[in-house]
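**Student:** Dropping the structure in here first, questions after.
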Amino acid sequence: MPFIPHTPEDVSSMLGAIGAASIEDLFDEIPPALKTGKLKDVPDGLPEMAVTRLMQERALADGFWSNFIGAGVYEHHIPAAIWQITTRGEFYSAYTPYQAEASQGTLQLIYEYQTMMTRLTGLDVSNAS
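Note that the numbering used here numbers the sequence shown so that position 36 is 671, with each residue one more than the last.
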């Protein structure tokens with residue numbers, strides 16, 4: 636099952652609009668020696684964290700560059716799912732919609748988060764909004 640929801644007709648129409656005969660034509664500028672169908676020595680079915688570590692090890696083979704951002708920013712793993720969740724508009728602020736039916740998902744998430752934080756910290760209360 637393709638992950639991009641375009642029909643073959645959609646793809647053909649888009650390629651025709653830019654004057655390409657196939658999707659492969661879009662990558663003609665890349666030298667064949669650099670093209671690969673599969674990453675070398677990467678087993679199938681690795682979890683996200685294992686792939687990240689493997690790619691970091693390979694990147695370090697090119698040398699290590701210091702990061703001077705500071706202010707508490709440091710290299711650490713952030714799972715891909717977190718980026719998807721945190722980019723949702725309802726998490727940008729503590730604003731809760733006035734319509735109960737529109738805010739139930741947000742309220743449920745806040746409740747689950749507060750419950751998890753009290754269990755992790757051992758405190759009696761937690762505040763998330």
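No residue lacks a Cβ here, since even glycine has one placed at the ideal position from N, Cα and C. Just so it is clear, the structure is predicted and the values come from calculations on it, not from any experiment.
Are the beta-carbon atoms belonging to residue 761 and residue 749 less than 7 Å from one another?
**Tutor:** Result yes, Cβ atoms of residue 761 and residue 749 sit closer than 7 Å.
**Student:** Compute the beta-carbon to beta-carbon distance between residue 763 and residue 745, rounded to the nearest angstrom, for a pair I have assumed lies under 8 Å.
**Tutor:** Rounded, the Cβ-Cβ distance is 5 Å, consistent with contact.
**Student:** Where do the N-terminal and C-terminal ends of the alpha helix (DSSP H) with residue 687 fall, by residue?
**Tutor:** 683-695 is the extent of the alpha helix (DSSP H) around residue 687.
**Student:** Under the criterion of a Cβ to heavy atom distance below 6 Å, does residue 693 qualify as lining the ligand SAH?
**Tutor:** What this structure holds is no ligand at all, so the ligand SAH is not there to describe.
**Student:** Quick check on DSSP: helix, strand or coil for residue 757?
**Tutor:** Here residue 757 sits in coil by DSSP.
**Student:** Does DSSP put residue 746 in a helix, a strand or coil?
**Tutor:** Residue 746: helix per DSSP, three-state reduction.
**Student:** Skipping 5 residues on each side, what residues in its chain have a beta carbon closer than 7 Å to that of residue 683?
**Tutor:** Closer than 7 Å at the Cβ level, and outside the excluded window around residue 683, lie 714 and 715.
**Student:** Can you list, in chain order, the residues of its chain whose CB lies under 7 Å from that of residue 752, leaving out five sequence neighbours each side?
**Tutor:** Within the same chain, residue 752 has close Cβ partners 761.
**Student:** For the putative contact between residue 711 and residue 687, defined by C-beta atoms under 8 Å, what is the C-beta separation to the nearest angstrom?
**Tutor:** Not quite, the Cβ-Cβ distance comes to about 11 Å (not below 8 Å), so this is no contact.
**Student:** Rounding to the nearest angstrom, what Cα-Cα distance links residue 756 and residue 723 in this structure?
**Tutor:** Computed Cα separation, rounded: 26 Å.
**Student:** Could you tell me the distance, in whole angstroms, from the CA atom of residue 649 to the CA atom of residue 656?
**Tutor:** Distance between the alpha carbons of residue 649 and residue 656: 10 Å.
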